[in-house]
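Numbering (the working numbering), first residue to last: 459 to 801.
Where is the CB? At the ideal position from N, CA and C, for every residue including glycine.
What follows is a short report on a single structure.
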Amino acid sequence: MFESWDHPNRPCCGICGGLIVPGASRFPGNFPGWTEDEQFKRVSVDDFREKLIKEQFHWQSGYRAVVKLGRQPPFISGASYRYSDADIDETGSLPVPKEMESVVLNRNKTWPEDEFIRIEKPHIDSYDTSEANVGWVFHEVCWIMLEQVDDDYQVMNNNLDLFMIAVHDEMTEKREEHTKLIIRAGRNTMWLQRRFKEATVNPFHIPMLGNVTNAALNREVREPKLLMPDIRSAAGFRISGGAFYKLQVETQQMIANHIDDEKDFRAFLLATRWRFPSVYWRKRIPECFYEIHKGIGDQRVDWQWLGLEVSRIVEKQYAEIHNRARIYAHIKRLFVILSQGVR
Ligand SMILES: [Zn+2]
Numbered sequence: 459m460f461e462s463w464d465h466p467n468r469p470c471c472g473i474c475g476g477l478i479v480p481g482a483s484r485f486p487g488n489f490p491g492w493t494e495d496e497q498f499k500r501v502s503v504d505d506f507r508e509k510l511i512k513e514q515f516h517w518q519s520g521y522r523a524v525v526k527l528g529r530q531p532p533f534i535s536g537a538s539y540r541y542s543d544a545d546i547d548e549t550g551s552l553p554v555p556k557e558m559e560s561v562v563l564n565r566n567k568t569w570p571e572d573e574f575i576r577i578e579k580p581h582i583d584s585y586d587t588s589e590a591n592v593g594w595v596f597h598e599v600c601w602i603m604l605e606q607v608d609d610d611y612q613v614m615n616n617n618l619d620l621f622m623i624a625v626h627d628e629m630t631e632k633r634e635e636h637t638k639l640i641i642r643a644g645r646n647t648m649w650l651q652r653r654f655k656e657a658t659v660n661p662f663h664i665p666m667l668g669n670v671t672n673a674a675l676n677r678e679v680r681e682p683k684l685l686m687p688d689i690r691s692a693a694g695f696r697i698s699g700g701a702f703y704k705l706q707v708e709t710q711q712m713i714a715n716h717i718d719d720e721k722d723f724r725a726f727l728l729a730t731r732w733r734f735p736s737v738y739w740r741k742r743i744p745e746c747f748y749e750i751h752k753g754i755g756d757q758r759v760d761w762q763w764l765g766l767e768v769s770r771i772v773e774k775q776y777a778e779i780h781n782r783a784r785i786y787a788h789i790k791r792l793f794v795i796l797s798q799g800v801r
């Protein structure tokens, strides 16, 4: 069964709700220079993230936290990897590195001790800002996703105390939703299982999005050949684009947006020969496909070609993409609560 927000005494990610799981099985041997007698290993943030994204480490085991020590202002911790059950006590508290830029990996024992702090989950039913050292933990991979929403991330960074409250509110809400979901699913356990399984796949390991971005960048941008109605082809045939062709591009887009099925959408565009501008495709490609939006930026590509390729990917219903969309929706919700507090 999917373990998540409904486990108050286990470390759960404040974004996606999933557990920070012990990931020893996908950990040893990944740093060849790290011998058994060395208790800990320092790695760079980039190295660490690459291993999590590429599935060399278990994505649900890498974590960092937003921490509040007593009455001091909150801060973002460093990152670490949950190796086994040995690092946790019965309250579900995890040790986190104090320095934001540091990544310290341990095997069984938390070491060097003075670089770590042990934090408790803030009490879910009463947001307690007293003397305790509290913090919300997050999967490092979910945190990377949070960082992608540039503007909101900056606002969050400047308002970490409000962010902690937002996570708290969301956590309460999510626990209720989670319970409702299970009740609503009733006997449909197959559906529930599929949904929960989806939540365990790595939302950042979607190489095809990077591949299609590279392909678009390497592809020649052709000027679209507009076939105007009632023109003559090179061979002298008269071609009629028909009344459909004369519609304004805005109207064309409205019609196209009504087609939910990806395959029908592509077939329809092929049949009508409509060509939409880049602004349409940028909007149609999900915001959380960072590889595409950030990878292309202002560079000139054939957006129509790219948009249709993305449509093929979306049609396949990959679990990784579903999970990314789900986590992204959670991030957006957090930022909405945060923005209400900031105003
Ligand atoms: Zn997460």
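For Pro-555, the uninterrupted beta strand (DSSP E) run begins and ends at 552-555, by DSSP.
DSSP places Arg-529 outside both helix and strand once states are collapsed to three, so it counts as coil. Between Leu-563 and Phe-498, the gap from beta carbon to beta carbon is short of 8 Å. Assignment of His-597 by DSSP, reduced to helix, strand and coil, places it in the strand class. Rounded to whole angstroms, Gln-798 and Ala-777 show a C-alpha spacing of 32 Å. Summarising the contact set, residues whose Cβ lies nearer than 5 Å to any heavy atom of ligand 1 are, in chain order, Cys-471, Ile-473, Cys-474, His-597 and Cys-600. A Cβ-Cβ contact shorter than 8 Å links Ile-789 with Val-607.
With respect to the C-alpha of Tyr-738, the residue from Lys-721, Leu-766, Glu-749 and Asp-722 having the closest C-alpha is Leu-766. In chain order, Val-613, Asn-617 and Leu-620 place their CB closer than 8 Å to the CB of Val-800, counting only its own chain and leaving out the 5 sequence neighbours on each side. With respect to Val-599, Gly-536 sits apart: the two C-beta atoms are not nearer than 8 Å. Taking a 10 Å sphere around the C-beta of Ile-641, we find fewer than 16 other C-beta atoms and assign the residue as exposed. Under DSSP, Cys-470 forms a beta bridge with Leu-477.
Of the candidates Arg-724, Arg-653, Asp-627 and Thr-630, Arg-653 places its Cα closest to the Cα of Leu-639. For Glu-578, the three-state secondary structure derived from DSSP is strand. Within the stretch 711-791, the runs of alpha helix (DSSP H) that reach at least 4 residues and sit entirely inside it are, in chain order, 720-730, 736-742, 748-754 and 761-773. For Leu-667, the enclosing alpha helix (DSSP H) begins and ends at 665-676. Straight across, the Cα-Cα distance linking Val-554 with Gln-757 is about 40 Å. Cβ neighbours of Glu-605 within its own chain (closer than 6 Å, five residues either side excluded): Tyr-611. Met-558 is classed as exposed because its beta carbon has fewer than 16 other beta carbons within 10 Å across all chains shown.
Look at Val-607 here: in three-state DSSP terms it is coil, with no helix or strand label.
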